[in-house]
Amino acid sequence: MASVHESLYFNPMMTNGVVHANVFGIKDWVTPYKMALLVLLSELGRAGAQLGLLERRRLNRLLLPLLQGPDMPLSRLRKAIEECCPHLASSVHIRLKLMAEGELKDMEQFFDDLSDSFSGTEPEVHKTSVVGLFLRHMILAYNKLSFSQVYKLYTALQQYFQNDEKKSGIDESDMELTHTEEPEGKMEKEELDVPLREEEISCSGPLSQKQAEYFLSQQVSSLQKELNNLLKFNPDFAEAHYLSYLNSLRVQDVFSSTHSLLHYFDRLILTGAESKSNGDEGYGRSLRYAALNLAALHCRFGHYQQAELALQEAIRIAQESNDHVCLQHCLSWLYILEQKIFDSCVLLEHSVNKSLHFGLPYLASLGIQSLVQQRAFAGKAANKLMDALKDSDLLHWKHSLSELIDISIAQKTAIWRLYGRSTMALQQAQTLLSMNSLEAVNVGVQQNNTESFAVVLCHLAELHAEQGYFAATSEILKHLKERFPPNSQHAQLWMLFDQKIQFERAMNDGRYHIADSLVAGITALNSIEGIYRKAIVLKAQNQMSEAHKLLQKLLIHCQKIKNTEMVISVLLSIAELYWRSSCHTIALPVLLQALALAREYSLQYLASETVLNLAFSQLILGIPEQALNILHMAIEPVLAHGAVLDKGCAMFLVAKCQVASAASYTPQKKIEALESAILNLNEAETYFAKVDCKEQLRDVLYFQARLFHTLGKIQERNKCAMLFRQLHQELPAHGVPLINAFK
């Protein structure tokens, strides 16, 4: 049951005292405290010129922390306003009292009147100002509420006001009892009742997303202020500079993190801390590791040219000092930098051998992981890659490298996904999630905020979405957002997967305008994925020439950077464009090229999908019997490891081929073939319904109605026809013949 404190807050998604996710797509919700702020803004607009310049300035300075901070009791809000303008505090209190002690219609009228702030040639509030945005968020959130939610909000407002009245009564009686006490006691009482400062903000109550973002930024800022104060009196305290570096790195502050890192090594050298423990070698050691850390910092922020310069400096100093350990670290970073430019497989193999020679299992294992990844993209067989990872795992267990065990499992998950074995990928993902290494190792310390954990959860979310389990997908993404906030290092991983999942759902539902709006977000996170999905939207909207131009440019780029997986996907999309343009014979060489690439690089699932496309080409070229023969080669991997949508498309294609082949059969055999096709259509309908793919459902219903009509099953035909009509009225018709679309 909810506490009294929590019951003062009203969240549109509150059930039994539990605050649920905001499903309306807005970052804020209406609470009694925010209604008090709305009353304050309304009274501030009414006061106008009656307020003095000093009072208005104080109120303006007060407003920002009030709008962005967490909710607070009415007594504390009143005290904060009284310190700026006592007259305005009284007006706010009276207005709230009239609303709380009045009727529900008074609150509704209040929100109706808020829109007047934006009307007129010279409005009181500009829509794009801080106050204007707050007002618009509150009006939007209020308009989203149902009647029962509005009533709960009104009840919460009454309780919010009554609690303040009760507290005021208790405070007055306390003052009467203690008016003879010493002044020191009064001072202590006043100090307890001062309004919250920005530094004192805490997340004690339910916070909206905007309040949570503000709270996190305040925590980072608060820590940085403490560090700056510490360094003011202890400028040579190297550890404080390093902590400042980590704090700045956490919020992706390039300038501050670089500044703090350089100061850390400067102070380390000046204080002689390294020299005391390492003799004369300490000075040079600090210099080379400073350059190495600077290279790593620039590499993390994508400044590869600066990283290369810093790395060259670290290599030069390490060679002068004959420091093989530092050189091996430099070699690992050199591979990371040079793989952006060319295939540095030889460099990586050399790094692994040297790391093993100098007894550096951590670097050796990372090198093996990188080699496996490179070999996977080069199309090596999965069994050889798994053998290499097994050897790497032996190193991990031997030296208790738990973090690298997690990385290895995440790598296996990604490799199985690349090869299209979703069942194996799911097994590896669940293995990592159940690993003891992700449990709390110390009190309050957890390791499940690593990149490997983020990668596995993202794959898990995508796997669930592919199977139509969208509720589970939402839960996984919600956990990712909590574990990896938007400004954290690995947040871009779940951001990309979230956008891709939303895009696929919008495309399945035929909402191409929504899918198009998501393209910009995907492009910002991954330009290749964004361009590909833009072409998919154009293709769905029948803008064939624009889609073809975009796909041709993307094909050339992906061939240049050797992104084979995307090359095959682009080739399949180009083949579909040729079908839609009735150029069926031109599509065949494109599909054969895609099939050759898929088999060369061991991409089994893409190879199966390409075979399905070839079968469709044979169907539309008038040889359905041959299409049925090759379908048996490809349909098993699709049904075993494929997404629900792909399973539905495969079964739909089998039914089409069966119907086309039945034209030359005897009457009895034709009836059997059509009944078998209906069974396959029923299975396809189940798959499409699971992912809410309305366009494909419409096509299946059309086919079912035609087949039932042929078989003389009038009742079943009418049912399918009625469902088809409902979907046809809901979805736009593109004027493309039904036979010319595989997916």
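Residue 1 is where the sequence shown starts when you use UniProt numbering, and the numbers rise one by one after that.
Ideal Cβ placement from N, Cα and C applies to all residues, glycine included.
Nothing here was measured: the structure is a model prediction, and the numbers come from that model.
Just how far apart, CA to CA, sit residue i and residue j?
| i | j | result |
| --- | --- | --- |
| L571 | D646 | 17 Å |
| T585 | T413 | 38 Å |
| D71 | L38 | 13 Å |
| F377 | M138 | 50 Å |
| F358 | E349 | 15 Å |
| G132 | S148 | 27 Å |
| S256 | S248 | 6 Å |
| residue 748 | C299 | Given a span of 1 to 743 for the chain in the structure shown, any question on residue 748 remains unanswerable. |
| V346 | R285 | 28 Å |
| D692 | S664 | 35 Å |
| L631 | E462 | 26 Å |
| I671 | A705 | 15 Å |
| S117 | M35 | 15 Å |
| V537 | M633 | 30 Å |
| A472 | L44 | 46 Å |
| M544 | T610 | 21 Å |
| L311 | N322 | 16 Å |
| A295 | V254 | 13 Å |
| S527 | F111 | 43 Å |
| E101 | L493 | 50 Å |
| G521 | S573 | 22 Å |
| Y142 | E108 | 9 Å |
| L453 | E675 | The displayed chain sequence assigns Phe, not Leu, to residue 453. One C-alpha to the other measures close to 48 Å. |
| G510 | Q726 | 14 Å |
| H548 | P667 | 44 Å |
| S351 | V519 | 40 Å |
| F708 | L681 | 12 Å |
Helix, strand or coil for residue i? Go by DSSP, reduced to three states.
| i | result |
| --- | --- |
| Y665 | coil |
| P86 | helix |
| M35 | helix |
| D393 | helix |
| K560 | helix |
| H728 | helix |
| G510 | coil |
| A642 | First, the amino acid is wrong: residue 642 is Gly here, not Ala. Correct three-state label for G642: coil. |
| F358 | coil |
| R267 | helix |
| V372 | helix |
| Q543 | coil |
| T128 | coil |
| S351 | helix |
| Y469 | coil |
| A425 | helix |
Answer with buried or exposed for residue i, where buried requires no fewer than 16 other C-beta atoms within 10 angstroms of its C-beta.
| i | result |
| --- | --- |
| K553 | exposed |
| W397 | exposed |
| T564 | buried |
| Q467 | buried |
| S3 | In this prediction, S3 scores a pLDDT of 34, lower than 50, which makes its location untrustworthy; no coordinate-derived value is stated. |
| H263 | buried |
| M722 | exposed |
| K656 | buried |
| A627 | buried |
| R61 | exposed |
| F134 | buried |
| I568 | buried |
| F724 | buried |
| L679 | exposed |
| V325 | exposed |
Tell me, to the nearest whole angstrom, how far the beta carbon of residue i is from that of residue j; I am working on the premise that it is less than 8 Å.
| i | j | result |
| --- | --- | --- |
| F237 | L246 | Contact flag wrong, Cβ pair sits at about 15 Å. |
| Q593 | F652 | With 8 Å as the limit, Q593 and F652 do not qualify as a contact, their Cβ atoms being about 25 Å apart. |
| Q373 | Q411 | 7 Å |
| L104 | Y151 | 7 Å |
| A515 | F503 | 5 Å |
| H329 | L287 | Their Cβ separation, rounded to whole angstroms, is 14 Å, which puts H329 and L287 out of contact at 8 Å. |
| Y578 | Q541 | Going by Cβ atoms, the distance from Y578 to Q541 rounds to 17 Å, so no, they are not a contact pair. |
| Y687 | G648 | 3 Å |
| G420 | L140 | Not confirmed; about 43 Å, so no contact. |
| A677 | V659 | 5 Å |
| L614 | L595 | 7 Å |
| A587 | A598 | Not confirmed; about 16 Å, so no contact. |
| Y605 | G642 | 7 Å |
Beta carbon of residue i: closer than 8 Å to some heavy atom of the ligand HEM?
| i | result |
| --- | --- |
| P123 | In terms of ligand content, the structure shown is empty, and the ligand HEM therefore cannot be addressed. |
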